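Residues 1 to 355, numbered by my numbering, are exactly what the sequence shown covers, in order. Even for Gly, the Cβ is constructed at its ideal location relative to N, Cα and C. Because the structure is a prediction, the values reported are computed rather than measured.
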Amino acid sequence: MKTHGGASLTTDKKSAETRPARAAKAATGTGKGPVPAAGPVKIPVPAKEPLKGAPATPAEETQKTPEQASIHASKKKAPAKKESGKPAVPSGEHEQHGKAGRPFWSGSITIGLVNVPVRLHTMVRDRSFSFRLLHKKDGQPLKYDRVCSLDGLVVPWNETVKGYEIRKGEFLVFEPEELKAAMPESDRKIRIDKFVYYLSLDPVYFESSYILVPDRSEEAYSLLVTALGELGRAAAGTITLRTKEYPVVVHVYDGALVLTTLRHADEVTPPHAFSILPSLPVPKEPELALAKRIINDLAGDFSINDYPDRYRESILALIDRKLAGEKIVYEEPHPEKAKELMAALQETIATLGRK
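Structure, rendered in structure tokens:
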């Protein structure tokens, strides 16, 4: 365990000894045996799925995500660097925001007999922190094995199968060939069957968005961007990515085509499923008037930049403070007392009037 500026930093036991130290041991005979030549360091990269809940097909599994491609290139080209002893920058802080990466899918937008070749790029990246679970005693990361719930033994990959639980503790076992046969056919096409008004789409069905880039089809791509933009329409259709077929809309965003995958109807719980909602009371007129006044006073244009990630900012500040050896003092939150609705409305109006 290392200490840095008053903060406790843990290192992997296997890598705690430097290469020169291991070489010196081998030369002087103080080690237990000859030290093999150090091979390339493998960086574990979690497979980032472009779409949730979609395992990869063999054809697409060979394509790397932009994050994986970046790391793969750095392992080939980047020269070896000496250890500086400086703590690693939090994940994502070294990346350039808005930098285009490699496409993870290529195909074409198909409208009748018209085909517009495009490449699909990730548009959204998760900037949230990922913490490792450590052993409190020695500060080392924990690992998880595939342990059988019946005999407690670790099961190797070649002895695993997939199963669907039909009743508690009872499973239907599926062979890989059976699941492969059930997969939708991937013809690498975004099949468009209608054009809808973009503003008529309900955002509750939106899932993930991806940028479509022309693949030597600039003229047709530009034509589609212009036509959709002038008509205020979006193209609705389907795409098969990995093992799932998704309903999608292709719409214009900032001069480019963006593909947004949609959730299926049975994936969204409608409001009427909650029994309390249909029996809501009718608002009282004085309270309704105050509520409308508050809404009008706070009316404005939406900008996502008005809503920073305060949790991320707090964690980054906390990391800096811990590395600097600062003693962390926590303030106990003081919950506000609940107010009557009318009193809360009147107090809000008064507060807005002072701004």
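When the alpha-carbon of E177 is set against those of K189, K162 and I166, the nearest one is in K162.
Selection V248, A343, I192 and S200 evaluated against L113 yields I192 as nearest (Cα-Cα). Counting C-beta atoms within 10 angstroms of its own C-beta, F174 has fewer than 16 neighbours from the protein chains shown and is therefore classed as exposed. In its chain, beyond the 5 residues on either side, P141 have a beta carbon closer than 7 Å to the beta carbon of R132.
Less than 8 Å separates the beta-carbon of V248 from that of T238.
A check of alpha carbon separations from M342 across Y311, E287 and N296 identifies E287 as the nearest.
With 16 or more neighbouring CB atoms inside 10 Å of its own CB, I109 falls in the buried class. Under the 10 Å beta carbon count, L153 is surrounded by fewer than 16 other beta carbons and is classified as exposed.
In the DSSP assignment, D193 falls within the beta strand (DSSP E) that extends over K189 to Y197. Annotated as proximal: L212 and L120, with beta-carbon spacing under 8 Å.
Secondary structure note for E336: it is in no alpha helix (DSSP H), with a DSSP letter that is neither H nor E. Counting C-beta atoms within 10 angstroms of its own C-beta, R242 has 16 or more neighbours from the protein chains shown and is therefore classed as buried. The three-state secondary structure of G139, taken from DSSP, is coil. The way I'd put it, the segment 266-276 doesn't touch the segment 208-227; fewer than three beta-carbon pairs between them come closer than 8 Å.
Less than 8 Å divides the Cβ of T261 from the Cβ of S208. DSSP places R312 in the helix class (H, G or I) of the three-state scheme. Taking a contact as a CB-CB distance under 8 Å, the pair Y198 and R233 counts as one, their CB atoms being some 7 Å apart. Between L201 and V225, the C-beta gap is not smaller than 8 Å, which leaves the two residues out of contact. In this chain, the beta strand (DSSP E) harbouring P247 covers K244 to Y253. Within the model, the alpha-carbon separation for E347 versus A291 is close to 12 Å.
Residue pairing for W105: DSSP places it in a beta bridge opposite L120.
By the neighbour-count criterion, in which 16 or more other beta carbons inside 10 Å mark a residue as buried, I295 falls on the exposed side.
With respect to the 8 Å criterion, F129 and R312 are classified as neighbours on the basis of their beta carbons. Around the Cβ of L318, a 10 Å sphere holds fewer than 16 other Cβ atoms; the residue is exposed. Only buried fits T240, as 16 or more other CB atoms lie within 10 angstroms of its CB.
Excluding sequence positions up to five before and after L134, its CB lies within less than 8 Å of the CB of T10, Q140, P141 and L142, all in the same chain and listed in chain order. V258 carries a strand assignment under DSSP once its states are collapsed to helix, strand and coil.
A straight line joining the alpha-carbon of P117 with that of R216 spans about 7 Å.
Distance from the CA of M123 to the CA of Y253, rounded to the nearest whole angstrom, comes to 12 Å.
Bounds of any alpha helix (DSSP H) do not take in S208; it lies within the beta strand (DSSP E) bounded by F206 to P214. Taking the Cβ atoms as the reference, R321 lies roughly 6 Å from I328, within the contact range of under 8 Å.
The beta carbon of L259 is closer than 6 Å to those of Y210, L212, V248 and V250 in its chain, skipping five residues each way along the sequence. Counting along the chain, L153 sits inside no alpha helix (DSSP H), nor does DSSP assign it H or E at all.
Closest by C-alpha distance to R354, out of D306, K180 and D297, is D297.
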